[in-house]
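Remarks on the structure that follows.
Protein chains: 2
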Amino acid sequence: MSDWVGDDNIALLTDLYELTMAASYFENDMRDQATFDLFIRELPEQRNFLVACGLEQALSYLENLHFTEDHLGYLRSLDLFEDRFLSFLGDLRFTGEVWAVPEGEAIFACEPLVRVTAPLIEAQIVESFLLNCLTFQTMIASKAARLKIACGDREFVDYSLRRDHGVDAALKAARASFVAGAVGTSNVLAGKLYGIPVSGTMAHSYVMAFGDEISAFRAYARQFADRTVLLIDTFDVEEGTRNAVRVAKETEAAGGKVDAVRIDSGDLADLTRSVRKILDEDGLDHVKIVLSGDLDEYRIRRLLEANVPADVFGVGTQLGTSGDAASLGGAYKLVQDSNGPRIKLSAGKATTPGRKQVVRFGDGNDERHDLITLEDEEVAGGRPLLERVMAEGHPTRPPEPLAVLKDRCRRAVTSLPERLLTLEGTPDPYQVRLSSRLRDLVDQMHRSSR
Amino acid sequence: MSDWVGDDNIALLTDLYELTMAASYFENDMRDQATFDLFIRELPEQRNFLVACGLEQALSYLENLHFTEDHLGYLRSLDLFEDRFLSFLGDLRFTGEVWAVPEGEAIFACEPLVRVTAPLIEAQIVESFLLNCLTFQTMIASKAARLKIACGDREFVDYSLRRDHGVDAALKAARASFVAGAVGTSNVLAGKLYGIPVSGTMAHSYVMAFGDEISAFRAYARQFADRTVLLIDTFDVEEGTRNAVRVAKETEAAGGKVDAVRIDSGDLADLTRSVRKILDEDGLDHVKIVLSGDLDEYRIRRLLEANVPADVFGVGTQLGTSGDAASLGGAYKLVQDSNGPRIKLSAGKATTPGRKQVVRFGDGNDERHDLITLEDEEVAGGRPLLERVMAEGHPTRPPEPLAVLKDRCRRAVTSLPERLLTLEGTPDPYQVRLSSRLRDLVDQMHRSSR
Numbered sequence: 493m494s495d496w497v498g499d500d501n502i503a504l505l506t507d508l509y510e511l512t513m514a515a516s517y518f519e520n521d522m523r524d525q526a527t528f529d530l531f532i533r534e535l536p537e538q539r540n541f542l543v544a545c546g547l548e549q550a551l552s553y554l555e556n557l558h559f560t561e562d563h564l565g566y567l568r569s570l571d572l573f574e575d576r577f578l579s580f581l582g583d584l585r586f587t588g589e590v591w592a593v594p595e596g597e598a599i600f601a602c603e604p605l606v607r608v609t610a611p612l613i614e615a616q617i618v619e620s621f622l623l624n625c626l627t628f629q630t631m632i633a634s635k636a637a638r639l640k641i642a643c644g645d646r647e648f649v650d651y652s653l654r655r656d657h658g659v660d661a662a663l664k665a666a667r668a669s670f671v672a673g674a675v676g677t678s679n680v681l682a683g684k685l686y687g688i689p690v691s692g693t694m695a696h697s698y699v700m701a702f703g704d705e706i707s708a709f710r711a712y713a714r715q716f717a718d719r720t721v722l723l724i725d726t727f728d729v730e731e732g733t734r735n736a737v738r739v740a741k742e743t744e745a746a747g748g749k750v751d752a753v754r755i756d757s758g759d760l761a762d763l764t765r766s767v768r769k770i771l772d773e774d775g776l777d778h779v780k781i782v783l784s785g786d787l788d789e790y791r792i793r794r795l796l797e798a799n800v801p802a803d804v805f806g807v808g809t810q811l812g813t814s815g816d817a818a819s820l821g822g823a824y825k826l827v828q829d830s831n832g833p834r835i836k837l838s839a840g841k842a843t844t845p846g847r848k849q850v851v852r853f854g855d856g857n858d859e860r861h862d863l864i865t866l867e868d869e870e871v872a873g874g875r876p877l878l879e880r881v882m883a884e885g886h887p888t889r890p891p892e893p894l895a896v897l898k899d900r901c902r903r904a905v906t907s908l909p910e911r912l913l914t915l916e917g918t919p920d921p922y923q924v925r926l927s928s929r930l931r932d933l934v935d936q937m938h939r940s941s942r
Numbered sequence: 493m494s495d496w497v498g499d500d501n502i503a504l505l506t507d508l509y510e511l512t513m514a515a516s517y518f519e520n521d522m523r524d525q526a527t528f529d530l531f532i533r534e535l536p537e538q539r540n541f542l543v544a545c546g547l548e549q550a551l552s553y554l555e556n557l558h559f560t561e562d563h564l565g566y567l568r569s570l571d572l573f574e575d576r577f578l579s580f581l582g583d584l585r586f587t588g589e590v591w592a593v594p595e596g597e598a599i600f601a602c603e604p605l606v607r608v609t610a611p612l613i614e615a616q617i618v619e620s621f622l623l624n625c626l627t628f629q630t631m632i633a634s635k636a637a638r639l640k641i642a643c644g645d646r647e648f649v650d651y652s653l654r655r656d657h658g659v660d661a662a663l664k665a666a667r668a669s670f671v672a673g674a675v676g677t678s679n680v681l682a683g684k685l686y687g688i689p690v691s692g693t694m695a696h697s698y699v700m701a702f703g704d705e706i707s708a709f710r711a712y713a714r715q716f717a718d719r720t721v722l723l724i725d726t727f728d729v730e731e732g733t734r735n736a737v738r739v740a741k742e743t744e745a746a747g748g749k750v751d752a753v754r755i756d757s758g759d760l761a762d763l764t765r766s767v768r769k770i771l772d773e774d775g776l777d778h779v780k781i782v783l784s785g786d787l788d789e790y791r792i793r794r795l796l797e798a799n800v801p802a803d804v805f806g807v808g809t810q811l812g813t814s815g816d817a818a819s820l821g822g823a824y825k826l827v828q829d830s831n832g833p834r835i836k837l838s839a840g841k842a843t844t845p846g847r848k849q850v851v852r853f854g855d856g857n858d859e860r861h862d863l864i865t866l867e868d869e870e871v872a873g874g875r876p877l878l879e880r881v882m883a884e885g886h887p888t889r890p891p892e893p894l895a896v897l898k899d900r901c902r903r904a905v906t907s908l909p910e911r912l913l914t915l916e917g918t919p920d921p922y923q924v925r926l927s928s929r930l931r932d933l934v935d936q937m938h939r940s941s942r
């Protein structure tokens with residue numbers, strides 16, 4: 493497709509001002525190292541924590557960043573840039589150092605999620621992509637963690653592909669959902685790229701294409717046997733359940749087992765109870781019930797609080813778009829350069845200066861809190877969250893398997909203070925404090941700027 | 493990047509059930525033609541109309557659809573598909589016919605936006621991508637049309653890249669925004685791919701990197717002259733304005749003209765008025781004021797209703813995520829096959845059967861309404877919206893230039909009944925009716941299904 497993008501095109505996925513600023517830095521010989529923090533300014537309402545996600549894609553971008561002749565030709569056509577600068581851009585690679593909170597870890601507002609130190613131009617031009625990449629996956633992982641809280645010991649699957657904001661969102665949503673609790677995805681390409689288990693059922697059009705439901709069910713079960721999930725609400729759920737029972741029995745007689753039935757419309761609570769009853773009466777208590785259709789963490793919680801006997805939830809729109817908070821206020825700010833720590837004072841958008849670390853205290857107990865420190869502070873008893881993940885433009889380690897991220901996320905979320913594990917915003921948010929040295933620095937810079 | 497996707501990978505961007513259904517159709521020799529409608533089930537609250545968008549990318553996908561050996565290898569590894577089917581998939585191309593509402597046209601709930609007729613398997617497996625592609629761009633174009641309504645004769649620019657849901661969203665958001673009213677984008681790659689004008693200013697980090705504001709402004713203006721937009725709120729807006737005035741005067745003395753100043757934080761109404769006053773007092777009435785920072789159509793309307801002298805609005809998050817309605821309920825439903833019209837009766841999700849056309853009556857007058865008809869109905873006096881855009885798997889015409897889409901959108905929106913051109917939901921929505929033949933068909937199919 494003419495407008496599709498591969499590796500070779502990604503460097504231009506940047507805001508124009510990154511390049512005009514870079515041209516100005518180049519013109520003014522500003523080549524010193526600078527440090528930028530990427531952080532989320534505040535948590536959306538009803539989010540008590542976030543789950544860091546998207547680092548692998550961010551590091552891959554940084555490692556592969558380069559401008560092609562084709563890019564330079566386009567930039568030349570804008571009549572904004574001198575040839576000398578374009579030739580510099582042609583040779584540019586990212587050579588910097590990156591510290592980051594590992595994927596799957598819980599994070600909070602204003603904590604540096606990623607810290608980039610590189611020659612000013614390199615550190616600046618990666619801003620747009622890093623924000624796009626890291627805030628999206630962090631947003632989705634944070635949403636998925638809420639679904640996991642609502643689901644308890646039941647499972648949920650990512651069904652969001654058709655509602656995601658384009659192709660890349662569909663892939664990253666599947667990845668981030670899996671990290672933070674989904675057991676699989678319907679998205680085949682995400683399955684292939686990330687090794688996520690794929691699952692699927694059938695559409696209403698399948699039943700309609702066969703004309704009658706029983707023929708559709710029979711055909712599917714004959715072919716897919718134990719991996720059969722029958723969609724029972726195309727015409728009438730009760731009749732659909734009876735048809736499913738017949739086919740499940742026929743499948744058993746042939747030595748197989750229908751895995752589940754799915755309900756996608758109507759009053760899910762009532763229908764699930766009736767369907768469960770019919771299945772159980774017919775000795776099909778091993779046949780699971782999958783629910784889908786505009787589900788989110790609130791609807792799932794209501795269903796489970798009412799003891800609705802659902803086994804698996806397929807969640808699409810609300811998972812893939814984080815519909816109740818479809819963006820995170822990510823910021824990428826200069827915090828230090830060759831002149832020392834830097835601060836921005838804009839109304840409501842002030843920054844915390846200096847190269848920083850985040851230290852987590854009291855994992856798993858009630859004294860738990862985070863302390864944001866300067867990077868060279870010695871702090872006893874805490875666990876530093878930011879790790880050096882890139883040096884001189886190369887990752888310091890191979891990408892972590894998703895299973896590791898998934899496990900880290902599970903531990904991170906379950907060890908959070910109980911009060912944060914609700915779907916509502918807590919009146920008593922997690923404590924993130926500045927170290928006294930950092931507070932002194934902030935005060936001093938505020939004073940000297942007056 | 494290892495997980496990035498080009499042309500050759502896109503066929504797997506589908507829900508697994510599309511492929512299991514396809515395998516079942518293959519196994520059962522169901523090769524007849526089928527027709528699917530893609531439509532938006534209902535308008536989000538506060539949307540009185542939608543703007544069709546995304547067709548070009550959808551057609552490009554259909555024309556290029558193919559499964560590679562690499563895809564087939566992955567599918568084989570799932571242990572779900574027989575070799576015979578995988579070999580069939582390897583040869584599969586989309587050979588169908590597509591009718592569609594042209595991009596930029598206004599559309600309403602339940603009107604077929606795209607109608608696909610193809611052998612059942614081909615028509616089925618494209619569902620996930622078509623929904624993903626068309627509903628996202630339609631959602632963004634619809635949001636952009638609202639921003640255009642709020643802006644009136646002022647301009648707005650897409651600044652959404654950093655908040656968009658991944659790479660593809662950022663490109664498509666820039667495209668759809670431009671179609672429905674934005675004058676440009678900050679997204680350089682979107683500028684290159686689609687020929688959209690790119691624009692940009694500077695970040696706070698730029699001013700901070702220079703240390704003092706006046707040096708930063710001077711450096712920028714010296715280099716970019718007439719294309720200079722000075723960001724005046726890094727430290728203090730009034731002082732920033734004075735610095736901008738000095739640099740604008742110096743630039744004039746050197747034969748150039750600073751284009752604008754930008755305010756990104758604080759009380760935008762008050763600040764804009766003070767800044768305008770200072771600029772005007774210094775004879776700089778040609779220097780425009782660009783506003784940004786969490787803007788949406790409501791905030792822009794409030795500013796303009798209060799006569800705030802802003803010239804250009806940079807809109808990011810709310811434009812690129814359609815934050816108040818971050819998804820559209822798109823559906824892709826079987827409406828006809830070799831046995832005739834088809835209907836789905838699921839509670840709350842019933843479909844309208846048959847191959848249909850949408851006819852628009854009374855463009856530009858108060859009798860305006862749409863009539864959904866069967867495709868072969870002769871209806872006098874109306875304008876059919878669905879055009880044949882693909883035949884035998886190939887587009888019937890070259891892609892339309894964005895300028896044409898932009899012009900169509902402008903005409904479509906300005907000719908809508910006045911009551912729809914508000915930011916609130918109207919109590920008197922646009923009338924979409926079914927023709928009497930179509931109503932009879934629906935009634936008859938409901939009766940016969942009982």
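These protein sequence lines map, in sequence, to chains A and B.
The C-terminal residue of the first sequence carries number 942 in the numbering used here, and the numbering is unbroken.
The C-terminal residue of the second sequence carries number 942 in the numbering used here, and the numbering is unbroken.
Note that CB positions come from ideal geometry on N, CA and C, so glycine has one too.
Distance cutoff 7 Å, beta carbons only. Does residue i sit that close to anything in chain B?
{"i": "Q715 (chain A)", "result": "yes"}
{"i": "R880 (chain A)", "result": "no"}
{"i": "A672 (chain A)", "result": "no"}
{"i": "L566 (chain A)", "result": "Reading off the sequence, residue 566 (chain A) comes out as Tyr, not Leu. Closer than 7 Å: yes."}
{"i": "L504 (chain A)", "result": "yes"}
{"i": "E892 (chain A)", "result": "no"}
{"i": "K769 (chain A)", "result": "no"}
{"i": "S678 (chain A)", "result": "yes"}
List, in order along the chain, the chain B residues whose C-beta lies closer than 9 Å to that of residue i?
{"i": "R654 (chain A)", "result": "D507, E619, S620, F621, L622, L623, N624, T627, G822 and Y824"}
{"i": "L547 (chain A)", "result": "What L547 (chain A) touches in chain B: nothing, since even the nearest Cβ is about 13 Å away."}
{"i": "S940 (chain A)", "result": "Within 9 Å Cβ-Cβ: nothing; S940 (chain A) doesn't reach chain B, min ~12 Å."}
Along chain C, in chain order, which residues have C-beta atoms closer than 7 Å to that of residue i?
{"i": "D829 (chain A)", "result": "Reference to chain C is not applicable here, since the protein chains of this structure are A and B."}
Between residue i and residue j, is the Cβ-Cβ spacing less than 7 Å?
{"i": "N735 (chain A)", "j": "I770 (chain A)", "result": "no"}
{"i": "Y543 (chain B)", "j": "A637 (chain B)", "result": "As written in the sequence, residue 543 (chain B) is Val, which differs from the Tyr given in the question. A contact, by the Cβ cut-off of 7 Å."}
{"i": "A708 (chain A)", "j": "Y698 (chain A)", "result": "yes"}
{"i": "L505 (chain B)", "j": "F621 (chain B)", "result": "yes"}
{"i": "L760 (chain A)", "j": "L796 (chain A)", "result": "no"}
So that I know if they touch, is there some Cβ in chain A lying closer than 7 Å to that of residue i?
{"i": "T743 (chain B)", "result": "no"}
{"i": "D495 (chain B)", "result": "Its pLDDT being 48, under 50, D495 (chain B) is placed unreliably in this model, and the value from its coordinates should be taken loosely. With 7 Å as the cut-off, D495 (chain B) counts as an interface residue toward chain A."}
{"i": "K836 (chain B)", "result": "yes"}
{"i": "T512 (chain B)", "result": "yes"}
{"i": "N735 (chain B)", "result": "no"}
{"i": "V608 (chain B)", "result": "no"}
{"i": "S928 (chain B)", "result": "no"}
{"i": "S634 (chain B)", "result": "no"}
Residues of chain B with a CB under 7 Å from the CB of residue i: which are they?
{"i": "N540 (chain A)", "result": "In chain order: nothing, as chain B lies at least about 21 Å away."}
Would you mind telling me which residues of chain A sit closer than 8 Å to residue i, beta carbon to beta carbon, in chain order?
{"i": "A711 (chain B)", "result": "S516, E519 and N520"}
{"i": "L572 (chain B)", "result": "F716 and R719"}
Original post:
Taking any Cβ of chain B, which residues in the stretch 642-670 of chain A have a Cβ under 7 Å from it, in chain order?
Top reply: Shown in chain order are the members of the stretch 642-670 of chain A whose Cβ falls below 7 Å from a Cβ of chain B: L653, R654, R655, D656, H657, G658, V659, D660, A661, A662, L663 and K664.
Original post:
Can you give, in chain order, each stretch of the alpha helix (DSSP H) that sits fully within the stretch 510-565 of chain A and has at least 4 residues?
Top reply: As far as the stretch 510-565 of chain A is concerned, its whole alpha helix (DSSP H) runs of at least 4 residues are 547-556.
Subject >> Every unbroken alpha helix (DSSP H) within the stretch 588-640 of chain B, with a cutoff of 4 residues, ordered by chain >> reply: The DSSP assignment places complete alpha helix (DSSP H) segments of no fewer than 4 residues inside the stretch 588-640 of chain B at 612-617, in order along the chain.
Original post:
Along the stretch 799-821 of chain B, what residues have a CB closer than 7 Å to any CB found in chain A?
Top reply: Against chain A - using a Cβ distance shorter than 7 Å - the residues of the stretch 799-821 of chain B are T809, T813, G815, A818 and S819.
Original post:
Which parts of the stretch 786-836 of chain A are runs of the beta strand (DSSP E), unbroken and 3 residues or longer, counting only runs that do not cross its ends?
Top reply: 804-807 and 822-829, all fully within the stretch 786-836 of chain A.
Original post:
Of the residues that make up the stretch 686-701 of chain A, which ones have a beta carbon closer than 8 Å to any beta carbon in chain B?
Top reply: Cβ contacts with chain B: Y686, V690, S691, G692, T693, M694, A695, H696, S697, Y698, M700 and A701.
**OP:** For the stretch 710-771 of chain A, list the alpha helix (DSSP H) runs that are entirely contained and at least 4 residues long, ordered along the chain.
**Re:** Unbroken alpha helix (DSSP H) runs of no fewer than 4 residues, entirely contained in the stretch 710-771 of chain A, are found at 729-745, following chain order.
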